[in-house]
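Residue numbers (the working numbering): 3 to 128.
To keep things clear, I will list the structure first and then write my remarks on it.
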């Protein structure tokens, strides 16, 4: 069975690239972790970081372009919300490689057991 199928093509490559590009920055990953607990304002999201609100806003724009967050408007409050669908696409894409590595390690384990069996048989002959 092939570990790679056409299933990994379910997400357009440009969306996958935007998702991984957004996730490449530790500040953006931390922002997503905060939003996993619920919606927050830009000020609330900026609180744990030693950076300006405009710098946080730039990170939020990257996350928004990647489709990982949505920003609403409720009077003066502009809540940010996690939108996890692109993360599912990235996880699905990575799943194929996890399967590849598991299969590779299973084959290696089988080979090592075969070698150990040969060593035991040689040891009995001496």
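Backbone N, C-alpha and C fix where the C-beta goes; we use that ideal spot for every residue, glycine too.
Owing to the predicted nature of the structure, the values given are computational and were not obtained by experimental measurement.
Residue j and residue i - do their beta-carbons sit closer together than 8 Å?
| i | j | result |
| --- | --- | --- |
| residue 21 | residue 86 | no |
| residue 42 | residue 82 | yes |
| residue 34 | residue 70 | yes |
| residue 55 | residue 44 | yes |
| residue 92 | residue 18 | yes |
| residue 66 | residue 73 | yes |
Let's test the definition: count the other Cβ atoms within 10 Å of the Cβ of residue i and tell me whether it reaches 16, buried, or not, exposed.
| i | result |
| --- | --- |
| residue 28 | exposed |
| residue 47 | buried |
| residue 50 | exposed |
| residue 84 | buried |
| residue 100 | exposed |
| residue 30 | buried |
From the DSSP output, which residues share a beta bridge with residue i?
| i | result |
| --- | --- |
| residue 42 | 82 |
| residue 76 | 79 |
| residue 71 | 84 |
Please list, in chain order, all residues of the same chain as residue i whose beta carbon is under 8 Å from its beta carbon, the five residues on each side excluded.
| i | result |
| --- | --- |
| residue 32 | 50 and 51 |
| residue 113 | none |
Apart from the five residues on each side of it in sequence, which residues of its chain come closer than 7 Å, Cβ to Cβ, to residue i?
| i | result |
| --- | --- |
| residue 79 | 43 |
| residue 58 | 44, 47, 48 and 51 |
| residue 88 | 17, 21, 68, 69 and 70 |
CB-CB under 6 Å to residue i, same chain, minus the five flanking residues each way: which ones, in chain order?
| i | result |
| --- | --- |
| residue 117 | none |
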